[in-house]
Amino acid sequence: MQRQLLEYYRSICKDFHRLFLDVDQAYGRDTVHDLRVNLKKQMAFYRFLEAVEPAFSAKEAKASFGELYGLAGKVRDLQVERSLLRQRMRLDSLFASWLKQREESYKILLQEYEKELTLAPVRRLERTAESA
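Using numbering that gives the first Met the number 0, read the sequence shown as starting at 0 and increasing by one per residue.
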């Protein structure tokens, strides 16, 4: 079992180093997310070790990357906010174009209505004259 645990921990560390270098080059949405997931796996692994071997301190092991995890969380939050704002802006621009079409239709309809209002008394007089 020790060999499997060591292999698992090595794979987590290998992934962490790859992700850390990727994040250093570009703050991609998936990269920051994957880095945080990796750090969560490390924390879970440390808590497992602490449960199996009480002399091991998960808190001390976590201290080496706790600040990185917190900062990555803040970066991730900003990325999500930016993404939501971009979606909102796209929706707003779609809504704006739809609203512009509705305004144009409203103006045409209003012109037709005003024309009808202007002609209605004349038509009423014509009908009255025809029926007389």
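C-beta: ideal position from N, C-alpha, C; glycine also.
message: Measuring only from the beta carbon, is Trp97 closer than 7 Å to any heavy atom that is part of the ligand ADP?
response: With respect to small molecules bound, the structure shown includes none, and the ligand ADP cannot be examined in it.
field: Run of the alpha helix (DSSP H) containing Met0, from where it starts to where it stops
entry: Position 1 of the sequence shown, counting from 1, holds the residue named residue 0. Unbroken run through Met0: none, as it is neither H nor E.
- prompt: Does the beta-carbon distance from Leu48 to Ala62 come in below 8 Å?
  reply: Here residue 48 refers to the residue found at position 49 of the sequence shown. Here residue 62 refers to the residue found at position 63 of the sequence shown. Not in contact: Leu48 and Ala62 (Cβ atoms no closer than 8 Å).
- request: Take the Cβ of Val31 as the centre, count every other Cβ of all protein chains shown within 10 Å, and call the residue buried at 16 or more, exposed below.
  value: In the sequence shown, residue 31 corresponds to position 32, counting from 1. Burial of Val31 is indicated by the presence of at least 16 other C-beta atoms within 10 angstroms of its C-beta.
field: Cα-Cα separation, Ser104 to Phe64
entry: By one-based count along the sequence shown, residue 104 stands at place 105. By one-based count along the sequence shown, residue 64 stands at place 65. Straight-line measurement puts the Cα of Phe64 at about 59 Å from the Cα of Ser104.
task: Evaluate the contact criterion for the stretch 34-52 versus the stretch 80-91: three or more CB pairs, one atom per stretch, below 8 Å.
output: With the cut-off at 8 Å, the stretch 34-52 and the stretch 80-91 do not touch.
message: Closest to Glu59 by C-alpha separation, out of Tyr68, Tyr45 and Ala71, would be which residue?
response: Position 60 of the sequence shown, counting from 1, holds the residue named residue 59. For Glu59, the closest of Tyr68, Tyr45 and Ala71 by C-alpha to C-alpha distance is Tyr45.
- request: In angstroms with no decimal places, state the Cα-to-Cα distance between Val51 and Met0.
  value: Looking up residue 51 in the sequence shown gives position 52. Looking up residue 0 in the sequence shown gives position 1. Rounded to whole angstroms, the separation of the alpha carbons of Met0 and Val51 is 12 Å.
- prompt: So, is Ala54 buried or exposed, given that buried needs 16 or more other C-beta atoms within 10 angstroms?
  reply: Stepping through the sequence shown from its first residue, residue 54 is reached at position 55. Classification for Ala54: exposed.
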